[in-house]
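There are 2 protein chains.
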Amino acid sequence: MFALGDLSLTIKGGVQHGLWGGAIVNLGTQWHHETFLPDIISCRLPGCFAMTEMGHGSDVMSVETTITYLPATSEFDVHSPTASATKAYIGNAAEHGRAAAVFGQLWVDGTCHGVHTIVVPIRDEAGQAMPGVTLGDHGHKGGLLGVDNGTISFDHVRVPRTHLLNRYGGINEDGVYSSPIANPNARFFTMVGTLVRGRICVAAGAVQATRKALTIATTYGLRRSQFRAPGLGEEILLLDYRAHQRKLLPNIARAYAYGFSINEIAQQLQRLHDVDVPEPRQARELETRAAGLKAVLSRWANDTIQVCREACGGAGYMSDAGITLLRQDTDVFATFEGDNAVLLQLVAKGMLQDYARTWGEMDTVDLARHMARMVGEGFMERTAARTVIDRLVQTAQRTPDAELLTDRGWQVSMFEARERHIVEALARRMRRAKGLGDQEAFDVVNACQPHMLKAGIVHTDRIILEAFIAGIDAVEDPAVKLLLGKLCDLFVLDNLLDDATWFLEHNRMPNSRVNQLRQAVNGLCAELRSHAQLLIDGFGIPRAWIHSTLMGED
Amino acid sequence: MFALGDLSLTIKGGVQHGLWGGAIVNLGTQWHHETFLPDIISCRLPGCFAMTEMGHGSDVMSVETTITYLPATSEFDVHSPTASATKAYIGNAAEHGRAAAVFGQLWVDGTCHGVHTIVVPIRDEAGQAMPGVTLGDHGHKGGLLGVDNGTISFDHVRVPRTHLLNRYGGINEDGVYSSPIANPNARFFTMVGTLVRGRICVAAGAVQATRKALTIATTYGLRRSQFRAPGLGEEILLLDYRAHQRKLLPNIARAYAYGFSINEIAQQLQRLHDVDVPEPRQARELETRAAGLKAVLSRWANDTIQVCREACGGAGYMSDAGITLLRQDTDVFATFEGDNAVLLQLVAKGMLQDYARTWGEMDTVDLARHMARMVGEGFMERTAARTVIDRLVQTAQRTPDAELLTDRGWQVSMFEARERHIVEALARRMRRAKGLGDQEAFDVVNACQPHMLKAGIVHTDRIILEAFIAGIDAVEDPAVKLLLGKLCDLFVLDNLLDDATWFLEHNRMPNSRVNQLRQAVNGLCAELRSHAQLLIDGFGIPRAWIHSTLMGED
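Protein sequences, first through last, are from chains V and E. Mapped onto full-length UniProt numbering, the consecutive letters of the first sequence carry residue numbers 1 to 554. Mapped onto full-length UniProt numbering, the consecutive letters of the second sequence carry residue numbers 1 to 554.
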């Protein structure tokens with residue numbers, strides 16, 4: 001909802017309630033909840049999520065900030081030992097934040113227990129930096145100018161023992177450290193797993209922002225005409241040009257697909273939230289899926305809002321058209337809450353592992369070295385609408401060739417076959433690292449990087465398709481079901497056409513299929529063009545929320 | 001040079017000297033040159049190029065502004081008859097422009113002679129709008145905030161007869177219209193042909209801006225490390241990751257390729273400028289090539305500067321990293337000086353026509369209807385280094401399969417075969433319009449639009465490759481030649497890999513070639529990574545001109 005209004009507000013809300021509040025909820029215990037949450041919810045206590053440092057963004061495990069226990073006073077000393085330990089790009093830090101959930105290495109009696117989080121006051125009520133705290137402002141950015149990103153560093157700042165968020169590890173009154181999770185790696189990944197909400201919100205915000213841009217560009221394409229054809233009288237509407245349809249309609253189809261995938265993961269998150277102790281495997285699955293959706297949907301948002309800008313010509317470049325700000329604000333979605341390249345590798349890693357036992361406990365090189373057995377058939381479970389999809393796939397085996405392209409079961413089986421093939425090939429390549437020396441093992445894994453990114457994408461594409469199918473299955477109105485079915489066809493066939501090199505290379509489709517796909521995509525674009533107004537109306541964005549000179553009169 | 005400094009300044013300069021001055025030079029005659037040029041060159045007379053209107057951007061032939069001859073006073077009446085006739089997005093209009101080259105329909109004694117251009121004063125020396133002239137400001141834009149884009153409309157503004165730029169059509173003292181070009185369509189296309197300089201400058205500026213972004217991102221990739229591999233000690237430099245190499249190195253290769261193509265077309269422009277009356281065919285070829293380069297290079301600039309932004313993570317999103325401004329400023333390059341989709345169709349049209357006789361005289365539907373004969377073998381002439389390339393292609397026929405990928409002759413023949421196939425297939429499809437009714441003929445051409453865009457791109461890719469080969473051939477230093485050869489390999493193989501679907505679909509390569517291409521691209525990335533510093537130094541951008549916090553100490 002926020003993202004349909006203003007993305008800076010979305011991120012300010014995300015920082016305050018999702019990250020800062022989320023850290024208290026997920027990493028803290030009863031005292032923290034009672035002490036901090038009411039004021040966080042009401043915004044009386046604006047706060048920061050101080051994880052990233054100048055020196056370490058993606059590699060959170062290597063943050064340098066220290067949280068050292070001082071038994072004499074039952075306090076912690078929070079300190080930035082180097083310039084690269086400075087907390088960086090932190091939302092709410094430059095102006096509004098009064099406290100921060102600070103990630104650092106916990107030291108107790110000379111032993112480091114790895115990354116933990118502690119609540120540190122950073123500003124007094126007058127807005128002045130607390131003693132020992134240095135605050136900076138990153139100044140102008142490429143977008144999100146309503147968010148006060150800044151730096152924080154600490155010069156031996158003392159905070160009470162109780163401020164350590166101790167759900168997964170803390171110090172008792174005798175100064176002894178204990179944790180319910182013995183393995184430090186598993187503990188770390190459990191703690192950073194709290195990022196899952198942030199990633200889901202970024203993915204959802206990306207979809208909403210892009211739907212808004214698509215609404216503006218499609219409306220413009222239905223109003224703006226240019227050039228005449230001989231004998232046809234009226235100038236031709238932009239959206240009647242095939243090339244223009246190809247720019248917008250497959251992206252409208254994706255906007256629907258991605259919306260269903262967001263609905264699905266939000267429900268999955270809620271189900272996990274509803275149980276006291278979630279099953280670790282389910283928690284890991286959710287994290288993998290959130291990582292994949294965040295990467296794929298934010299990439300699409302960046303690309304598609306740009307397409308929308310260009311589809312409006314020079315008019316789209318004027319700020320009052322309402323598109324360039326969306327583009328600038330979503331830009332950073334590709335790298336914050338996890339760099340997309342890192343997240344897709346996380347997905348690939350998840351696909352290769354037996355989640356329950358080894359997830360997160362090995363880095364990728366070790367994983368490659370120890371990948372003793374092939375991931376079996378079981379690695380790929382259907383994630384939504386299992387019964388429906390099982391039936392569709394079985395039926396497809398009897399579908400005549402001429403009708404294959406719009407056969408949902410065939411579509412699913414193409415996505416599944418691609419994913420299975422890519423993961424199996426990746427596992428085979430990575431197993432070559434077994435028994436190699438450090439440099440050689442790294443080289444093997446490094447050479448697989450583009451393969452890993454591809455694996456992460458095709459896995460996510462399949463998850464999205466399954467969510468789309470489940471969404472359509474739940475619709476009762478036959479006309480809506482029919483139209484969503486056409487959108488699903490366009491989503492799938494456009495995806496297969498984009499990736500035709502892979503299918504041809506691996507003999508998964510005959511050469512002639514490419515032109516069939518192209519014709520089918522063009523045909524669906526032409527068919528859906530007549531429903532274009534309905535399709536953008538279906539995004540459900542209130543007209544009054546879209547501030548754009550390109551929308552015409554109400 | 002300007003583009004390495006500031007893109008707003010580049011565009012201000014382009015408007016003043018390229019467009020406004022260019023209109024006087026190319027469309028005016030001696031009196032205009034003597035009267036206006038000295039003050040244009042010195043910037044004492046800032047001016048506008050007032051072509052685009054609210055209602056008509058790409059379709060310049062349909063502008064609505066009227067230029068009506070008034071015989072009683074030997075004046076012209078310049079008028080905006082509708083709101084959509086308002087001149088829009090005009091650089092220099094909102095603030096600095098004192099005069100404008102205004103495009104409008106010329107009416108003489110009740111007859112319309114089509115689009116002509118006239119000099120109209122729009123502001124007095126105090127900066128106030130002249131009587132009858134209404135000036136507006138587009139306000140904030142997605143970028144180029146140093147350019148004052150605005151609107152201009154005219155309420156029966158009178159200007160002297162002499163102000164009509166009359167090189168291609170004017171009124172004598174007796175009020176009689178005459179033109180050296182009898183055919184109104186040919187006259188129109190000759191006049192708008194003056195845009196060719198603007199397009200070349202946009203393409204060149206796009207390359208320079210992208211080289212600057214690549215310099216910043218590559219420098220960062222050589223300084224910034226993240227994550228450790230087991231047993232390897234130091235953290236790993238970003239540019240040592242394969243996925244990171246794949247982001248940057250193929251784009252560095254393109255930056256070299258595109259630089260050579262800009263050098264080539266600049267020389268071609270100069271050659272044409274050096275003769276009094278250029279051969280029409282050569283002029284048309286230059287226009288087609290400029291259109292293609294502008295479209296391909298501006299697309300690449302947009303995409304690649306974004307890649308550079310993301311390759312620097314959150315740090316790249318800070319404005320003082322120096323990348324987001326480049327991204328925002330180049331954004332509009334995709335649609336100004338001709339929308340890329342329109343320009344690529346212009347290229348395709350050029351490929352299909354016998355330039356000298358029919359270019360510009362038919363719209364695309366008519367062209368399709370009248371395409372009586374196939375474009376022959378002669379349509380594809382080598383554009384640079386003919387002798388060298390002829391020899392390379394001949395030699396390639398004896399190259400063993402294992403060495404094909406890095407055989408320059410084979411590379412050229414792949415680009416040529418693709419272009420020939422695509423153009424021939426396009427011609428066949430478009431000939432189906434022959435004898436059809438208006439709607440059906442439009443439908444045939446409209447269905448070919450994506451095909452036309454593809455034709456425009458592959459033609460331009462071949463032109464670029466030829467310029468690259470000519471550039472390498474002219475280098476004497478063997479080490480430089482060798483390194484440029486590697487870059488050329490990467491440019492070609494990355495292009496073929498990107499487009500592998502087309503080659504597989506049309507049986508132009510075996511399936512196994514795709515993996516060979518992938519391996520070769522990865523191998524070249526790994527090899528060129530060790531020269532990364534040298535390669536960005538080779539862009540020749542003075543360190544002092546790059547204002548970026550990511551460049552480290554000098």
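Glycine is no exception: its CB is placed at the ideal position from the N, C-alpha and C atoms.
Shorter than 8 angstroms from the beta carbon of residue i to some beta carbon of chain V?
i: E310/E; result: yes
i: H116/E; result: no
i: K212/E; result: no
i: E505/E; result: yes
i: A217/E; result: no
i: residue 569/E; result: Nothing in the structure corresponds to residue 569/E, since chain E is present only between 1 and 554.
i: S80/E; result: no
i: D320/E; result: yes
i: D339/E; result: yes
Just to make sure I have the definition right: I need the residues of chain V whose C-beta is within less than 8 angstroms of the C-beta of residue i. Which are they?
i: K349/E; result: The contacting residues do not exist; K349/E stays about 13 angstroms from chain V at best.
i: Q226/E; result: H56, G57, S58, D59
Excluding the 5 residues flanking residue i on each side, which residues of the same chain have their C-beta closer than 6 angstroms to its C-beta?
i: T218/E; result: L248, A532, I536
i: Q208/E; result: A3, L4
i: D407/V; result: A396, T399
i: E95/E; result: D148
i: R228/V; result: E235
Rounded to a whole number of angstroms, what is the C-alpha to C-alpha distance between residue i and residue j?
i: F539/V; j: M191/V; result: 35 angstroms
i: T66/V; j: I40/V; result: 25 angstroms
i: D148/E; j: G18/E; result: 16 angstroms
i: D354/V; j: H421/V; result: Reliability of the predicted coordinates at D354/V is poor, the pLDDT of 48 falling under 50, and no value is obtained from them.
i: D174/E; j: V458/E; result: 51 angstroms
i: T73/V; j: V133/V; result: 20 angstroms
i: M51/E; j: T10/V; result: 41 angstroms
i: residue 592/E; j: D155/E; result: Residue coverage of chain E in this structure runs from 1 to 554, which leaves residue 592/E outside it and unanswerable.
i: R369/V; j: I262/E; result: 49 angstroms
i: V202/E; j: K212/E; result: 15 angstroms
i: Q30/V; j: D494/E; result: 56 angstroms
i: G259/E; j: W502/V; result: 32 angstroms
i: H273/E; j: M1/E; result: 21 angstroms
i: F442/V; j: H56/E; result: 57 angstroms
Would you verify that the beta carbon of residue i is, or is not, closer than 8 angstroms to some beta carbon of chain E?
i: A50/V; result: no
i: S58/V; result: yes
i: Y258/V; result: no
i: G360/V; result: With a pLDDT of only 48 at G360/V, under 50, the local geometry of the prediction cannot be trusted, and no value is derived from it.
i: N515/V; result: yes
i: V332/V; result: yes
i: Y317/V; result: yes
i: G142/V; result: yes
i: G292/V; result: no
i: L453/V; result: yes
Counting only the same chain and skipping the five closest in sequence on each side, list residues whose C-beta sits under 7 angstroms from that of residue i.
i: E466/V; result: R382, T383, A384, A385, I389
i: N511/V; result: L504
i: P81/V; result: E64, T66
Below 7 angstroms on C-beta distance, what does residue i contact in chain V?
i: P450/E; result: R242, A243, R246
i: T460/E; result: In chain order: nothing, as chain V lies at least about 17 angstroms away.
What does residue i touch in chain E if you count any residue whose Cβ is under 8 angstroms from its own?
i: Q105/V; result: Within chain E, no residue comes near Q105/V; the closest Cβ sits about 15 angstroms away, beyond 8 angstroms.
So with CB distances below 9 angstroms, who are the chain V contacts of residue i?
i: P230/E; result: D363, V365, D366, R369, D438, A441, F442
Looking only at its chain, what residues have a beta carbon closer than 8 angstroms to the beta carbon of residue i, apart from the 5 residues adjacent to it on each side?
i: C112/V; result: Q105, L106
i: L343/E; result: R199, A291, G292, K294, A295, G456
Could you list which residues in chain E have their beta carbon closer than 7 angstroms to that of residue i, in chain order?
i: Y89/V; result: G314
Checklist entry - If you pair each beta-carbon of the stretch 300-308 of chain V with each one of the stretch 110-130 of chain V, do three or more pairs fall below 8 angstroms? => result Between the stretch 300-308 of chain V and the stretch 110-130 of chain V there are fewer than three C-beta pairs closer than 8 angstroms, too few to call the two in contact.
Item to check | Three-pair Cβ contact test at 8 angstroms for the stretch 473-493 of chain V versus the stretch 267-281 of chain V | outcome: At 8 angstroms Cβ cutoff, the stretches do not touch.
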